[in-house]
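Take the sequence shown: its letters are residues 1 to 154, numbered as in full-length UniProt numbering. Cβ atoms here follow ideal geometry from the backbone N, Cα and C, with glycine treated the same way.
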Amino acid sequence: MKEEYILIISIATSGAALIAALLSLVKHHIKNTDINMLKTQIEGSELLISQLQLSLSDVQKQLILLNETLNNQQIESEQVSKQLEHRIKIVNQQLKNQNETIEQLKLQQPEDKLYSRAQKLVLLGADVAELMAECDLPQAEAEMLVTLHQRKSN
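Here it is in structure tokens:
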């Protein structure tokens, strides 16, 4: 019976050793699986990093192009602004000149009104004395208007 116990113990010990060996293999397999998974994750991460670097490079190129476009548009806007400022100055000068001309014409209008009135009076048959009295014209101008009217009539 002792031998049976020894045999059982021997088998049990062998079984325990076998179980320990199996556990060691399982742990080793799990570690290898974990390592392989980590390697796969690292490879995936490296691929993702590579893709992100390419995307970053593309975005940087686009940013450079956009910056150049913006600079060109800003230069163009400044040029247009300068041209518009120049045109505004010219238009303002023209407006000033026209206003001065209008003022000069306004100052001349009273004289023109007197001559227009004198012409109407001559057409109605007024003589030199009436023109001098009604329109404050000098005698020579009144005579000239009457003479011109008489020539046109003949």
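Give the C-beta separation of Val122 and His149 to the nearest angstrom, bearing in mind that I take them to be a contact with Cβ-Cβ under 8 Å. 4 Å
Host alpha helix (DSSP H) of Ala142 (start-end): 139–153
Relative to the ligand FAD, is the shortest distance from any of its heavy atoms to the C-beta of Asp127 smaller than 8 Å? Only the bare structure without any ligand can be found here, which leaves the ligand FAD out of the picture.
Run the CB neighbour count on Ala140, radius 10 Å, all protein chains shown included, and call it buried at 16 or more, exposed below. exposed
Using the Cα positions of Ser55 and Ile49, report the straight-line distance between them to the nearest angstrom. 10 Å
Rounded separation between Gln93 and Asn67 - CA only: 39 Å
Beta-carbon gap between Ala118 and Leu131 smaller than 9 Å: yes
Please state the DSSP three-state secondary structure of residue 181. Residue 181 cannot be examined here, being either before or after the span of the chain that is shown, 1 to 154.
Cβ neighbour criterion (16 or more within 10 Å) applied to Leu137: buried
If contacts are defined as beta-carbon pairs under 8 Å, then Leu105 and Cys135 qualify, I think. What distance do you get, rounded to the angstrom? Rounded, the Cβ-Cβ distance is 20 Å, inconsistent with contact.
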